[in-house]
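Asker: Quick note on my numbering: the sequence shown kicks off at -16 and runs consecutively. Quick reminder that beta carbons are idealized off the backbone N, C-alpha and C, glycines included. Quick caveat, the model's predicted, so the values are computed rather than measured.
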Amino acid sequence: MKKSVIQRQRPDIFESFDHFNEWLSAPGHWLSGVQRIDVAKATRAVADCPACKTISDALSPKSLDHQHQCDTGLPADVEVVIHRLISDQTRLTSADISSLSDLFGADSAFAYVEILGVAVCQFSLDEFHRGLGLALPELPKPKEGRPDHYLPAHLETDTAWVPMIPTDQVSPAEQDLWPGNRGANVFRALSATPDTVRAWQHLSETMYLSLQGMAEMIHAPNRILSRMQMELIAGRVSALNQCLY
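#1: Would you mind reading off the limits of the alpha helix (DSSP H) that contains arginine 19?
#2: Per DSSP, which residues does methionine 147 bridge with? Please list them.
#3: When the Cα of arginine 181 is compared with those of Trp161, Asn168 and Met197, which residue comes out closest?
#4: Rounding to the nearest angstrom, what Cα-Cα distance links tyrosine 95 and lysine 36 in this structure?
#5: Under 9 Å between the Cβ atoms of leucine 99 and alanine 23?
#6: Measuring alpha carbon to alpha carbon, tell me which residue in Ala172, Ser82, Leu208 and Leu119 is nearest aspartate 141.
#7: State the Cα-Cα distance for the pair aspartate 90 and leucine 108, rounded to the nearest angstrom.
#8: Assuming contact is defined by CB atoms lying nearer than 9 Å, are isoleucine 80 and threonine 26 in contact in what I supplied?
#9: Can you tell me where the alpha helix (DSSP H) with serine 43 in it begins and where it stops?
#10: So, using beta-carbon positions, are threonine 179 and glutamate 97 closer together than 9 Å?
#11: Kindly provide the ranges of any alpha helix (DSSP H) runs that are 4 or more residues long and lie completely inside the stretch 149 to 214, ordered along the chain.
#12: Glutamate 127 and glycine 275 - do their beta-carbons sit closer together than 9 Å?
#13: Using 8 Å as the cut-off, can you tell me whether the stretch 206 to 222 makes contact with the stretch 3 to 12, which would need three or more C-beta pairs spanning the two stretches below that distance?
#14: With the cut-off set at 9 Å, would you say leucine 215 and alanine 203 are in Cβ contact?
#15: Skipping 5 residues on each side, what residues in its chain have a beta carbon closer than 6 Å to that of isoleucine 20?
#16: What is the DSSP secondary structure of tyrosine 133, counted as helix, strand or coil?
#17: For valine 63, count the other beta carbons within 10 Å of its own beta carbon; 16 or more makes it buried, fewer makes it exposed. Which is it?
#18: Could you round the C-beta distance between phenylalanine 3 and leucine 186 to whole angstroms and report it? I think they count as a contact, below 8 Å.
#19: If you reduce the DSSP assignment to three classes, tell me which class threonine 73 lands in.
#20: Arginine -7 by DSSP, collapsed to three states: which one?
#21: Are there 16 or more other CB atoms within 10 angstroms of the CB of glutamine 152, so buried, or fewer, so exposed?
#22: Secondary structure at alanine 118, three-state DSSP: helix, strand or coil?
#23: What does a CB cutoff of less than 8 Å around glutamine 225 pick up in its chain, not counting 5 residues either side in sequence?
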């Protein structure tokens, strides 16, 4: 890494990366530590995957049968979903969740949520390094253990492709996920696997804003840029990544 570039960054950013790696390497709700590291590897491989470019330019992602460039222990169907999450997300469908059933069976929707959370966080971390011209850090070594198969007390299944915690039925164990009944879909999307929400929020607080900081519309707390400048950049990045509401 370029030491001078790192020294000019807020130390809490790299502390949040260490926190994420600690979470990533451990077994989750539905994935083992090995599987989570493999998801991170597959996410990182998208940047140099020629098949992703060819498929994203095609009229339909189903019209081509290209082998994605990846070297993980994950089944091919899982790798395809991860690559599409990063390179062709606007054409994802509920069928992509069903494609995970060979590995995860009836729990494929929950596994998909955890895969999504790992991929989004890893991609954000990697893009930060790429944007500053830094070498990508090594992925952590996976820890032993089995997924705990934790399920929140209340879940709704009629709002999206995946189960989500209802905004008005948050159990005490998940009270920290969002304030009051103000659970926007951007938070709720990962809520079937609560620890994934927590990991994403921890990164978001340093790379963007905390939930409390989002309420400040003029001066962003502990930031050099104003809130308006931050949102101008965020809007441009969202447009480039096709992250649309």
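Answerer: Reading it off the structure:
#1: Under the DSSP assignment, arginine 19 falls in the alpha helix (DSSP H) whose first and last residues are 16 to 28.
#2: Glu139
#3: Considering only Trp161, Asn168 and Met197, the residue with the shortest C-alpha distance to arginine 181 is Trp161.
#4: Using only the alpha carbons, I get a separation of about 23 Å.
#5: no
#6: Taking aspartate 141 as reference, the option from Ala172, Ser82, Leu208 and Leu119 with the minimal CA-CA separation is Ala172.
#7: 27 Å
#8: no
#9: First-last for serine 43: undefined, no H or E at that position.
#10: yes
#11: 168 to 171 and 177 to 190
#12: Given that the chain is displayed from residue -16 to residue 228, the structure contains no residue 275 and the question cannot be resolved.
#13: Inter-segment contact for the stretch 206 to 222 and the stretch 3 to 12 is absent: fewer than three beta-carbon pairs are separated by less than 8 Å.
#14: no
#15: Take isoleucine 20, set aside five residues on each side of it, and the residues of its chain with a beta-carbon closer than 6 Å to its own are Leu122 and Pro125, in chain order.
#16: Residue state, collapsed to three classes: coil.
#17: Label assigned to valine 63: buried.
#18: Their Cβ separation, rounded to whole angstroms, is 6 Å, which keeps phenylalanine 3 and leucine 186 in contact under 8 Å.
#19: helix
#20: It is coil, neither helix nor strand.
#21: exposed
#22: Alanine 118 falls in the coil class under three-state DSSP.
#23: Gln72 and Thr73
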